[in-house]
Amino acid sequence: MSTSQTQSVNQLNQHWPHLILLPLTMVILIPALWVLKMALRPSQSFDLSINPLPSEFSLNNFIEVMSEPLFTVQIFNSIWVSALTTLIGVFFSCTAAYALSRYRFPGRQLGLKAFLVTQMFPGTLMMIPLYQVIDFLGLLDQVAGLVLVYSTTAIPFCVWNLKGYFDTIPKEIEESALIDGAGPFTLFWKIIIPLSRPALAVTALFSFMTAWNEYILAATFMNDERAYTYPVRLQQYVGEYSTEWGHFAAGAILVSAPVMLLFFVLQKHLVGGLTSGGVKG
Amino acid sequence: MTKPNQPSLAHQKNIVGQWISAFKSRGYLGVIFAVICACLLSGLGLLQSLKIHQRQARKALIQETLTAQIIPDYDQEYLGHLKLREVSFVPQQTDASSDQHEYAALSSLQETKSGLKLDQPEDKAWFDAYWKDKSEWFDAQGHLWGKRTLTLKAQQTGLPTDFQLLAKLSATQPPRLPWLWFVLCGLVTFMIAMWACFYFGSTHDSTQDSTQQKKAKHSSWSLPLLTTISASPLVILSCLEIMSREQDTGIKVAEGPLVASLALIPMLILGLSQYKTAGKSSSYRVAYTYMMPTLLSVGILVFVPFSLGVGLSFMRHHQGEFTWVGLSHFIDILSASDYPLTHPLNFYFTLAVTLFWTASNVVLHTSIGLSLALLLNRKGLKLKGIYRALLIIPWAIPNYITALIWKGMFNQQYGLINKFLAILGIEPVSWMGSFWGAMAANISTNTWLGFPFMMVVTLGALQSIPQDLYEAAHLAGASKWQSFKSITLPLLKPALLPAVILGSVWTFNMFNIIYLVSGGQPGGASDILITEAYRWAFEQDRYGYAAAYSLIIFFILLGYARLTQRMTQAAEEVYS
Amino acid sequence: MTSVRLIGIGKRYPNGFEAVQNLDLEVQSGEFIALVGPSGCGKSTTLRMIAGLEDISSGELLIDDERANEKAPKDRGVAMVFQSYALYPHMSVRENIAFALKLQKMPQVEIDQRVEAVAKKLQIFPLLDRKPKEMSGGQRQRVAMARAIARQPKIFLFDEPLSNLDAQLRAEMRVEITKLQNELKTTSFYVTHDQVEAMTLADRVVLLKSGVVQQIGAPLELHDQPANRFVATFIGSPTMNMLRTELKLDGLQVCGVHLSLSTKRLEHIQAQGIKSGMPIDLGIRPHQMTLVALDEQSKLDEQSEQAQEQTATLANGIKVSLEAIEPLGSETICYCRPIVTADDQESSEQRLVVKLDADRKVERGQIYLLSFKEEHIHLFNADEEGVRLS
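Residue numbers (the working numbering), protein chains in the order written: chain F, 1 to 281; chain V, 282 to 857; chain Y, 858 to 1247.
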């Protein structure tokens, strides 16, 4: 099967991956389909048949979940927190990544290492002191507190991701802009940012996910139901003693849908964006 | 160094003129920034002091109110100063709904809302309780106070219409950590000082001879350090002042941060006096300006909590009071003398479980991700885009949702896994009843949600391998396997290695899956270190012990990173 | 019109590496200066210091008699064309050219006029709305030029702008640049490692080697009167032949052959402290040498006046064996090795390149006599620096 490949071998070569991909994709899809099925059933129990395809179509669960008195407030909290986190996280990590990529200054290596080390900080160690700091700043039960915490947790990864991308932007382009009369900040806004759009999109997606999917910190810092982000509420549907699976499934779909949409839209960038793509030309 | 100076001095006749031009030409941004920082800092202090002030005022008010009214009523605001004592509530009956739900809310209240213990009344009524304004619950002494809205709903038909609830409220929430101020002010001052000094300080990338260069390098670190040290007595004094004021009465304004920020002024002057060449573009200045927002926020919200946590690990917490215990937590944990080696609460048992958990996950993620990426990267594969889109789905679903769904799937009675097994004629398995079952559930859940990341990383790396390498290998007569081994794998390594290392760190600390899927069942056996630490903190209220536990986790990970050493290097390689 | 003065300019990196040392250069307004040298000689660094992209470690840069060391690049009135063109990939050609003008807050109408005028001048008008990605290398090069010209800068800086083009385009662009330079008369600095570009484009050439200026002068000056051995070998193609010789009382001993020197020359050399018996490097350009077939020599002796002259200066000619021939059509390059007595190892390892007219027929492996005129030779000190003696 080295040099001379016959037609039939070629055919086999073409199609055998499907033999693996198809069943695997099914395995991936089945839990997701079950969620959909549960959401579309009127019942709240988990008791399901094996067939993953929905047999009943009732929007009751969705309607019930969405007509909860605090639904809009909580969803809005989630959106608000995630959007702000994305904005702040990306902006902060952008500037930091740019400095780390382009300048050599004392403390650069230290900074890079510190960002990596933060990834190892155990959440349990941070939670109580973090609560104290947030309390100290007067930000408990406030969107701003969550935004701050989320964006700082997202920053290290974003910084590394963006730094990798910035490193691939040729230095001459910046120098050219400098000579053309751009100051360091014009340079950043007019040249670097527009050039890094794909990487920014991926970074933004991660920032967004950090905030959108988190519930432990949210449950800790938010004591007022009106200040909950939606995941906190959603998690309560399937507490230790109560199981409103139908509601939970409907809520889960509502929560996952935007992220999935973003994933599909950004799929192309995602593949290159994690290992840094280049700007050529 | 004299030569370039002279012309600029000639242009600007005096030092004042030089300063003004410094502000005009480039310095003003820095000054504005420093002023903003100082304002923020002092504003924070002001806010804090106002809060303390308010609290003092309210304290008096409440004590007065307390004697007047202590008959809480459903839907009525309850004002009270409750100092560790039992209070009886007489709730009215309201409409009933699902009893299970109510109980869940109550029990979760017990778990998560620290500082509150609700003992159920003898007649076992079910309640749904909501607290408001929790942040104002305790004062500095650990006394319970504040304005509460306690909503209690009596549930379940058939219950007596009036019954008694005994709410035992104890001040178990940790009080303010006294050293917070020191760390916070010190850190902020240091960072601003450093930034200011680099901003205004001379650039030493243009120094002429090596001795001067050395000197400059030395001063670049020592200057901010010195200024911070000189400013720190002020900071410490002001902090002490604040702390004492928090306890005493008659507070006006907390000058502390104000004083601390005043310490910035000599620093600015010092920095300006270092000001050497006019209009010279110092790359440090811009670099530190860019780094500043991130450093500040990450410093305050990541490194400050971390150092506070470290401090916490040397203390024991009991009913709101911290006592210094030194290294005894660490010794307790590491000597593991309380439990036999096979006991789930033994540290080494949990460590072994964690290592098993991490290793198996990383192996599964990487191998599945890699092989899927290789399949998807084949030329001429049909439906490639669809496969890829579908295979990414698990990544896009929030992991707590995944965890809960899988938990349901592993349910002994209703779980779909068991239903599948039933088709195959296998008896239903009690997954959470055995250690291996629980681990299997955990690992399969985490594998399901974790492999897309590795797949996407590998796909990206695969696409960056030049095709002509394969053509060259093909011409050299290499078989598919040979070219995979000698081209694909080595070239994937720089991209995969950091992903694997980061992935293993994340998995090591993957709280959600373990906590939500198996929840440590049976009997805490399937807990990993991080969930164990969480239980110590939030179920046992042993914050110090939990902090020590977490710190050990951190050091294990740090050692792991050191061991691989390539973490930064390899990452640097890939990302540069 | 802008004059530029570099007074003792130096660049020293934090690691102690000195990229440029003590460079003095006075540039008249409208002059076209080429900075040449092998890679790593500091020519690009010098250019970048003029541009303001690198800090100047020592010395002073005066633009129009005003100190510019600390000026930001944008305040120096320079425009630069990069080797990689450095076009902004996310902007169309029009936006690329207009970027600097926009930053100058020029009114839009004027920007449009300028962009279009420049685009017409450089024949890229039809490309104005394309992105850099969608263009060929030559077109990108033109856009980069247009971008520089549109700003009407005081100084043009070129950093090897043609090195990414193929030979034909390069020649074309060379002519174009000359044309533009004649038209715009802007002070320009042009960095290249290609001496042909330097020679054809520049009013004056600055030749650098490891950060030190070797010679500054008009192109032909560098060619005809190289200041040292390095300049002599760097300028000219094929490179100048260098022969290690020994000074005798009345001439030189070249590969065992005596070459008599004019008394003026001898005096000049002796005045510089070289005594009889000391080594001297002799340089001779390939096109100023000729090969005479061994068996033809006697005939030539009688017939050719030229041959007589040659034998007069170089006693018999150096006996060489022809090792390789490169017929280039317009000329023929011959690679020869001197045939000497066995003990003269040094000379026998030397290789000589001779450029002959295309119509001369020579054969590989044959033995020839190599001869040249005394007036064409360059003599250099045999020490490391190799300063020109005469």
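Yeah, the Cβ is synthetic: ideal placement off N, Cα and C, and Gly gets one too.
Check: I'd like to know whether the C-beta of F/Trp283 is nearer than 8 angstroms to at least one C-beta of chain V.; Outcome: As displayed, chain F neither begins before 1 nor continues past 281, which places residue 283 of chain F out of reach and without an answer.
Check: Would you mind working out which of F/Met26, F/Phe188, F/Phe62, F/Leu148 sits nearest F/Ala252, comparing C-alpha positions?; Outcome: F/Phe62
Check: Using a Cβ cut-off of 8 angstroms (strictly closer), state whether F/Ile192 contacts chain Y.; Outcome: no
Check: Using the Cβ count rule (16 or more neighbours within 10 Å means buried), how would you classify Y/Arg951?; Outcome: buried
Check: Over what stretch of residues does the beta strand (DSSP E) that includes Y/Leu1116 continue unbroken?; Outcome: 1114–1117
Check: For V/Leu743, which residues from the same chain have a beta carbon less than 8 angstroms from its beta carbon, with the 5 sequence-adjacent residues on both sides left out?; Outcome: Ala654, Leu655, Asn658, Thr769, Leu773
Check: At a CB-CB cut-off below 7 angstroms, which residues of chain V make contact with F/Ile169?; Outcome: Chain V residues near F/Ile169: none, gap ~12 angstroms exceeds 7 angstroms.
Check: If you follow the alpha helix (DSSP H) that Y/Val1088 is part of, which residue opens it and which one closes it?; Outcome: 1086–1091
Check: Hey, quick one: how far does the alpha helix (DSSP H) through Y/Glu1180 stretch, first residue to last?; Outcome: It is not in any alpha helix (DSSP H) - Y/Glu1180 instead sits in the beta strand (DSSP E) that spans 1175–1184.
Check: Return the residues of the stretch 129–144 of chain F that lie within a Cβ-Cβ distance of less than 9 angstroms from chain V, sorted by chain order.; Outcome: Pro129, Leu130, Tyr131, Gln132, Val133, Ile134, Asp135, Phe136, Leu137, Gly138, Leu140, Asp141
Check: What do you get for Y/Val966, buried or exposed, if any count of 16 or more other CB atoms within 10 angstroms of its CB means buried?; Outcome: exposed
Check: So what does DSSP say about Y/Arg862, is it helix, strand or coil?; Outcome: strand
Check: What did DSSP end up calling V/Pro353 once you bin it into helix, strand or coil?; Outcome: For V/Pro353, the predicted model reports a pLDDT of 31, less than 50, meaning its position is unreliable; a value from the coordinates is still stated below. Here V/Pro353 sits in coil by DSSP.
Check: Jot down the residue ranges of each uninterrupted beta strand (DSSP E) in the stretch 570–628 of chain V, minimum 3 residues, whole runs only, in chain order.; Outcome: 596–599, 602–605
Check: If contact is defined by three or more beta carbon pairs under 8 angstroms, each pair taking one atom from either stretch, is the stretch 211–231 of chain F in contact with the stretch 94–113 of chain F?; Outcome: no
Check: Hey, is Y/His1050's beta-carbon within less than 8 angstroms of any beta-carbon in chain F?; Outcome: no
Check: Below 8 angstroms between beta carbons is the criterion; list the residues of the stretch 909–921 of chain Y that meet it against any residue of chain F, in chain order.; Outcome: Gly909, Leu910
Check: Rounded C-beta distance between F/Phe188 and V/Tyr569? I'm assuming under 8 angstroms.; Outcome: Going by Cβ atoms, the distance from F/Phe188 to V/Tyr569 rounds to 14 angstroms, so no, they are not a contact pair.
Check: To test your reading of the DSSP string, which unbroken beta strand (DSSP E) runs of 3 or more residues are found completely within the stretch 772–799 of chain V?; Outcome: none
Check: Just reading off the alpha helix (DSSP H) that Y/Asn872 is part of, what are its end residues?; Outcome: Taken as a continuous stretch (DSSP letters only), Y/Asn872 belongs to no alpha helix (DSSP H), as it is neither H nor E.
Check: Got a sec: does the ligand GDP put a non-hydrogen atom nearer than 7 angstroms to the Cβ of Y/Leu944?; Outcome: Here there are no bound small molecules, and the ligand GDP is not part of this structure.
Check: So, helix, strand or coil for Y/Lys1066, using DSSP?; Outcome: strand
Check: By the 7 angstroms beta-carbon criterion, what residues does the stretch 946–959 of chain Y contribute toward chain F?; Outcome: Pro946, His947, Phe956, Ala957
Check: By the DSSP assignment, the beta strand (DSSP E) with V/Ile746 in it spans what residues?; Outcome: Unbroken run through V/Ile746: none, as it is neither H nor E.
Check: Excluding the 5 residues preceding and the 5 following V/Ala273 in the sequence, name in chain order all residues of the same chain whose CB lies nearer than 7 angstroms to its CB.; Outcome: Missing from the structure shown is residue 273 of chain V; chain V here goes from 282 to 857 and no further.
Check: Where do the N-terminal and C-terminal ends of the alpha helix (DSSP H) with Y/Leu1148 fall, by residue?; Outcome: Not the alpha helix (DSSP H): Y/Leu1148 falls in the beta strand (DSSP E), residues 1146–1150.
Check: Can you tell me which of V/Trp676, V/Ile746, V/Ala633 puts its alpha carbon nearest to the alpha carbon of F/Leu29?; Outcome: V/Trp676
Check: Which residue from F/Leu24, F/Lys113, F/Leu21 puts its Cα closest to that of V/Leu783?; Outcome: F/Lys113
Check: Closer than 9 angstroms by beta-carbon distance: list the chain F residues that pair up with V/Phe765, in chain order.; Outcome: Simply none; closest approach about 13 angstroms.
Check: Roughly how many angstroms separate the alpha carbons of V/Leu622 and V/Phe630, rounded to a whole number?; Outcome: 6 angstroms
Check: In terms of residues, what are the limits of the beta strand (DSSP E) holding Y/Tyr1047?; Outcome: 1044–1049
Check: May I ask which residues mark the beginning and end of the alpha helix (DSSP H) holding F/Leu205?; Outcome: 197–212
Check: Under 8 angstroms, Cβ to Cβ, is there at least one residue of chain F near Y/Met937?; Outcome: yes
Check: Answer yes or no: does any C-beta atom of chain F fall closer than 8 angstroms to that of Y/Gln961?; Outcome: yes
Check: Look at F/Ile179 and Y/Met937 and say whether their C-beta atoms are less than 8 angstroms apart.; Outcome: yes
Check: Please name the residue or residues paired with Y/Gly1140 in a DSSP beta bridge.; Outcome: Y/Met1099, Y/His1235
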